[in-house]
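*Asks:* Below is a structure I'd like to ask you about.
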Amino acid sequence: MRRLQHWYDQVWPDADTVLPMLVQQLRNQLLHAPSLEGLVADFQVTGRIKSISSTFRKLLKDGMVVERVKDVLALRVVLLPAGDSREQLATLMRRDAITQAKADALLCFTTYRQVLRLWNEVPGRFKDFISRPKPNGYQSLHTNVRLPDGRIAEVQVRTYAMHQFAEHGQAAHGFYKGGLTNPTQLANVAGALEAVRSLPALPPSPSENAHRTSSGDNVLNTSTTK
Numbered sequence: 001m002r003r004l005q006h007w008y009d010q011v012w013p014d015a016d017t018v019l020p021m022l023v024q025q026l027r028n029q030l031l032h033a034p035s036l037e038g039l040v041a042d043f044q045v046t047g048r049i050k051s052i053s054s055t056f057r058k059l060l061k062d063g064m065v066v067e068r069v070k071d072v073l074a075l076r077v078v079l080l081p082a083g084d085s086r087e088q089l090a091t092l093m094r095r096d097a098i099t100q101a102k103a104d105a106l107l108c109f110t111t112y113r114q115v116l117r118l119w120n121e122v123p124g125r126f127k128d129f130i131s132r133p134k135p136n137g138y139q140s141l142h143t144n145v146r147l148p149d150g151r152i153a154e155v156q157v158r159t160y161a162m163h164q165f166a167e168h169g170q171a172a173h174g175f176y177k178g179g180l181t182n183p184t185q186l187a188n189v190a191g192a193l194e195a196v197r198s199l200p201a202l203p204p205s206p207s208e209n210a211h212r213t214s215s216g217d218n219v220l221n222t223s224t225t226k
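So this is what it looks like as structure tokens:
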């Protein structure tokens, strides 16, 4: 534990300062992303600093060395799709209709592409749990990005429905299935959306608050209502 504390002090002495800056950068990027304009009714960007005790438990569980820990700082984007997002996306894709699951996946991939406009992805760290959910039904996009100073942070992207499922289980919402294409197709369509959409973003109206979770992780929340 003492060695872990020393590593924290060396690598993330300024975590409390860096985290809100990253949250704000990502929030601004999404607010001004033409490819998301009109498709997202609301979104929330949260950031958390993993506590030393949480990291210690992870090291014990996974048998990792501390130098491989890449999620001390983590950002999460939770999207609330617009009511007509499915119809809008179907029109953009020149389809008669698409499933809500596919529409939500496209929104997540489009948001993920915005993350990569800010920071470089760490090779081999992208995980698509939307096209291929975990056995328990968990869905989200996960990746690690390298910050300008060389340090690494984690980013997760999911919809509100996916988040509710992750937090409360299948009983929390009507879990949807079906209609997803493969990850390459989703990424290609998300890229095409960026190319064809050019509407300006609406101005922000954020409300911010910070709290500490039961695990001891420090969490910063930023909500943006459109």
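Residue numbering for the sequence shown follows full-length UniProt numbering, beginning at 1 and increasing consecutively.
Idealized CB from N, CA, C, for every residue including glycine.
If you're wondering where the values come from, they're calculated on a predicted model, not measured in any experiment.
#1: Tell me the start and end of each unbroken alpha helix (DSSP H) in the UniProt domain "RelA/SpoT" (47–180) that is at least 4 residues and wholly inside, in chain order.
#2: Taking the alpha carbon of Val145 as the point to measure from, which residue in Gln156, Pro135, Thr99 has its own alpha carbon closest?
#3: Return the Cβ separation of Cys108 and Leu59 in integer angstroms, given the expectation that the two are a contact with Cβ distance under 8 Å.
#4: Determine the direct distance from the alpha carbon of Gln24 to that of Ala33, and round the result to whole angstroms.
#5: For Pro133, which residues of its own chain have a beta-carbon under 8 Å away from its beta-carbon, when the five flanking residues on both sides are left out?
#6: Could you have a look at Asp42 and say whether DSSP puts it in helix, strand or coil?
#7: Given this structure, state the Cα-to-Cα distance separating Arg125 from Ile152, to the nearest angstrom.
#8: For the stretch 89–102 against the stretch 2–19, do three or more pairs of beta-carbon atoms, one drawn from each stretch, fall closer than 8 Å, so that the two count as touching?
#9: Let's test the definition: count the other Cβ atoms within 10 Å of the Cβ of Ala97 and tell me whether it reaches 16, buried, or not, exposed.
#10: Cα-Cα, which of His163, Glu154, Trp7 is closest to Val122?
#11: Measuring only the C-alpha atoms, how far is Val78 from Trp7?
#12: If you follow the alpha helix (DSSP H) that Asp9 is in, where does it begin and where does it stop?
#13: Let's see if you can read the secondary structure: which residues bound the alpha helix (DSSP H) around Pro20?
*Replies:* In brief:
#1: 52–62, 85–92, 100–118, 160–168
#2: Numbered from 1 along the sequence shown, position 145 holds the residue referred to as residue 145. Comparing C-alpha distances from Val145 to each of Gln156, Pro135, Thr99 shows the shortest one belongs to Gln156.
#3: Taking the sequence shown and counting its residues from 1, one reaches residue 108 at position 108. Taking the sequence shown and counting its residues from 1, one reaches residue 59 at position 59. Not a contact, Cβ separation roughly 30 Å.
#4: For the purposes of this step, residue 33 is taken as residue 33 along the sequence shown, with counting starting at 1. For the purposes of this step, residue 24 is taken as residue 24 along the sequence shown, with counting starting at 1. Going by the C-alpha atoms only, they are around 14 Å apart.
#5: If you number the sequence shown from 1, residue 133 lands on position 133. Here the set comprises Gln139.
#6: Counting from 1 along the sequence shown, the entry for residue 42 is found at position 42. Three-state result, Asp42: strand.
#7: Position 125 of the sequence shown holds residue 125. Position 152 of the sequence shown holds residue 152. Taking the straight line from one Cα to the other gives about 11 Å.
#8: no
#9: The sequence position of residue 97 within the sequence shown is 97, counting from 1. With fewer than 16 Cβ atoms within 10 Å of its Cβ, Ala97 is classed as exposed.
#10: Position 122 of the sequence shown holds residue 122. If we check each option's Cα against that of Val122, Glu154 comes out closest.
#11: Counting from one through the sequence shown, the residue named residue 78 turns up at place 78. Counting from one through the sequence shown, the residue named residue 7 turns up at place 7. Going from the Cα of Val78 to the Cα of Trp7 covers about 30 Å.
#12: For the purposes of this step, residue 9 is taken as the residue at position 9 of the sequence shown. Where Asp9 is concerned, the enclosing alpha helix (DSSP H) stretches over 2–11.
#13: On the sequence shown, residue 20 is found 20 positions in, with the first residue counted as 1. Where Pro20 is concerned, the enclosing alpha helix (DSSP H) stretches over 15–31.
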